[in-house]
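K.L.:
Starting off with a structure, shown below.
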């Protein structure tokens, strides 16, 4: 016991320990004896000695010695933390009930580890828990303490060895949520047994479909799907509550004030809000570095041969060589910071690892960004955290379910500016949402943000939704089987959606973006930047059939088509022409397939009618100089047009007079007739100059217009041989 108390003092007094070790070689035996006596006279050492030797039945009421010693332990615990040996002494005193149950809660609340928590002490405490004399409130407090310091326990092998003892407490209604949480962290495949599954199902029938039971059952089903026939919900709210406990704030304050660093690879499983005077809130969900599962795991020849800690893997070649012998770290959060670890998750598809990672991520996102009281995490730390998460999702090419659930909630409280690029990046990774839920979960919150935010947010949101649509369509084109009516939403869930349901979701998303785009262009005065992002989106939509194999064709609404056609920049008109060409190719292919194959899909007449109206309007305006015709939807009052005093107003949106191309027409006129003093752009409409003008536009890089003219107007040649620009200039000079 003397050696034990001496070591406790040395661990709790960091400064004295360093001073003694630096002068140990120069001390005389007399000085060392004096130092030993001083250590033995230290109040903290005497307090530990008291709690280790106190007799059973010692009274509590009026016991000043107990109060003084407990104050000494609390003082050291909250200032420097307790050494592993001190934790063992105090935990044994509290759980053995030598002085009854009254001081137990106070002792448990001061168990603040300075470095690690000895596994043996936790195991002995669980054994004392089995005695049954400890009050239920103290039992709950003890399990909460274990959950808080779980990642600081120096090993887990003995805890897993008493898995059955821990599982026996699951029948206690007050303990059940916390025991399920602890079992979730300790469960391995060998832990799943038929009688345990039956017990959990009995509890479920008694307590209902409680989230903590469902999460533990979901982990059991991953390991042994043949033992569970029940269906697990695809989206479950967080099953294990992140209770605010006194140890979290004390641990963070201890590490911050004294710069005490815990053992490598060990950090808090959950963090706390910053209670210091700083006005900025600190993000405490820092990603730990990769480390082995334990610090003091017994290493035998068999263990070293069978398992390879992932921290020891330094190359992709080593990962492939040891792919089935990888030992995952104690903290799954550290996987987000390692490309090799992400490679392992992607290749092996370890469901248990993904469940553990998904659980930690759900707690971290909700605590740090959703439930914070001051409106959000610190910008720099939040940026690093979300950027790392975004990198992991892009690496795996799919979003984590907990990230998706967090976004559904966060969109309702988001101001649109906090960490905007990262939130939009995570948003673009959301997997396919059923059409019955997409509007409530996603579209309505985004609509409110879109109409109340700046131009740049509108552009970013349209780009985000375009990326989301591309990922949905790419996933469909890669994973869909023609003879399989049901397809999995992603590689890590059992959620299925029918092909018709997928088409409904895509249609809902495209129509929603069309509504946003139409109103957004009106609000922003048809801004060219916003129009560019909208046309990016419809470049994806126009090729859904030929490029992605989805039997769906949706035309842009008039609120997008006409602003794009009347745009003052030629790039927008050229891109619109390209989009119309791709729509024509998709519609023609779909029409042919509808006639010759049995697996055709029906295209509504409204789609063909709308496409024909757009096509006729563009041809009449650009080619025939006849803007207003009965075939178009664009109708204006003749009286209103007459008041404009514009002569021949129906010709002012052709290739020559269109605001986007007038500067090119002027340049071409000067090239053709450099000596003319009076400019007459109508002279370009003559047969040979008109053909040259079309070639001139092609040489300016308007490939969309070239394809549009080639596909819609017969007999027009818009391409030449060799250098088109040089050839055209030679023709003009010779003329």
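Residue numbers (the numbering used here): 78 to 812. Using N, Cα and C, we set each Cβ at its ideal position, and we do this for glycine too. Here the structure is a predicted model, which is why all the values come from computation and not from measurement.
1. Quick check: what's the CA-CA separation for residue 406 versus residue 423?
2. Between residue 502 and residue 471, is the Cβ-Cβ spacing less than 9 Å?
3. Quick one: give me the first and last residue of the alpha helix (DSSP H) that residue 250 is part of.
4. Taking its Cβ as the centre, do 16 or more other Cβ atoms sit within 10 Å of residue 238, making it buried, or is it exposed?
5. I need the DSSP call for residue 81, collapsed to helix, strand or coil.
6. Counting pairs of beta carbons, one from the stretch 156-169 and one from the stretch 296-306, are three or more of them closer than 8 Å?
7. In whole angstroms, what is the alpha-carbon distance linking residue 130 and residue 394?
8. Locate the alpha helix (DSSP H) running through residue 632, then write down its first and last residues.
9. Report the three-state DSSP secondary structure of residue 659 (helix, strand or coil).
10. Under the assumption that residue 738 contacts residue 647 (Cβ atoms under 8 Å), give the Cβ distance between them as a whole number of angstroms.
11. Counting C-beta neighbours from all protein chains within 10 Å, is the total for residue 345 16 or more, i.e. buried, or is it exposed?
12. Go through the stretch 375-440 residue by residue and report every complete run of the alpha helix (DSSP H) that reaches 4 residues or more, in order.
13. Spatial neighbours of residue 216 within its chain, please: CB distance less than 7 Å, with the 5 preceding and 5 following residues excluded, ordered by chain position.
14. How would you write the range of the alpha helix (DSSP H) that residue 782 sits in, first residue to last?
15. Assuming residue 527 and residue 597 make a contact with CB atoms under 8 Å, what is their CB distance in whole Å?
16. If you check the beta carbons only, do residue 509 and residue 552 fall under 9 Å apart?
17. Under 9 Å, do residue 550 and residue 523 count as touching if we go by C-beta distance?
18. In chain order, what are the residue ranges of uninterrupted alpha helix (DSSP H) at least 4 long that sit wholly in the stretch 144-216?
19. Report the CB separation of residue 606 from residue 546 in whole angstroms; it is logged as a contact under 8 Å.
20. Residue range of the alpha helix (DSSP H) that residue 683 falls in?
21. For residue 200, collect the residues of the same chain with a Cβ closer than 7 Å to its Cβ; drop the 5 residues on either side in sequence, then sort them by chain order.
22. How close, in whole Å, do the beta carbons of residue 530 and residue 493 come, if the pair is a contact with beta carbons under 8 Å?
23. Please return the same chain residues whose Cβ sits closer than 7 Å to the Cβ of residue 469, not counting the five positions on each side in sequence.
24. Once the 5 residues before and after residue 490 are set aside, which same chain residues still bring their CB inside 8 Å of it?
25. So what does DSSP say about residue 562, is it helix, strand or coil?
26. Taking residue 536 as part of the alpha helix (DSSP H), name the residues at either end of that continuous run.
27. How close, in whole Å, do the beta carbons of residue 188 and residue 167 come, if the pair is a contact with beta carbons under 8 Å?
28. For residue 430 versus residue 409, is the C-beta distance shorter than 9 Å?
29. Among 172, 124 and 180, whose alpha-carbon lies nearest the alpha-carbon of residue 139?
30. To test your reading of the DSSP string, which unbroken alpha helix (DSSP H) runs of 4 or more residues are found completely within the stretch 258-320?
31. For the alpha helix (DSSP H) that residue 606 lies in, which residues bound it at each end?
32. Which stretch, first to last residue, makes up the alpha helix (DSSP H) that contains residue 481?
33. Which whole-angstrom value describes the C-beta separation of residue 48 and residue 218, a residue pair presumed to lie in contact below a C-beta threshold of 8 Å?
34. What three-state label does DSSP hand residue 239 in the structure shown?
35. How would you call residue 92, buried or exposed, if buried means at least 16 neighbouring beta carbons within 10 angstroms?
36. How would you call residue 816, buried or exposed, if buried means at least 16 neighbouring beta carbons within 10 angstroms?
P.N.:
In terms of the structure at hand:
1. 16 Å
2. yes
3. Segment: none, residue 250 is in no alpha helix (DSSP H) and carries neither H nor E.
4. exposed
5. With a pLDDT of only 40 at residue 81, under 50, the local geometry of the prediction cannot be trusted, and the value read off the model is given with reservation. In this structure, residue 81 counts as helix in the three-state DSSP scheme.
6. no
7. 56 Å
8. That residue, residue 632, is in no alpha helix (DSSP H); it is neither H nor E in DSSP.
9. helix
10. 6 Å
11. Any reading at residue 345 needs caution, since the residue's pLDDT is 34, under 50, leaving its predicted position unreliable; the model's value is listed next. Buried, since its Cβ has 16 or more Cβ neighbours within 10 Å.
12. 378-383, 393-398 and 416-425
13. 206 and 252
14. 780-789
15. 7 Å
16. yes
17. no
18. 161-173, 181-186 and 196-206
19. That pair is no contact at about 20 Å.
20. 682-699
21. 235, 236 and 239
22. 5 Å
23. 413 and 419
24. 447
25. Confidence in residue 562 is poor, its pLDDT being 41 and thus under 50, which makes the residue's placement too unreliable to answer from.
26. 532-556
27. 6 Å
28. yes
29. 180
30. 271-284 and 288-300
31. 605-618
32. 478-487
33. The chain is shown from 78 up to 812; residue 48 falls before or after that span and cannot be answered.
34. coil
35. Confidence at residue 92 is low in this model, with a pLDDT of 39, below 50, so its placement is unreliable and the value that follows should be read with caution. Result: exposed.
36. Only positions 78 to 812 of the chain appear in this structure, which leaves residue 816 out of reach.
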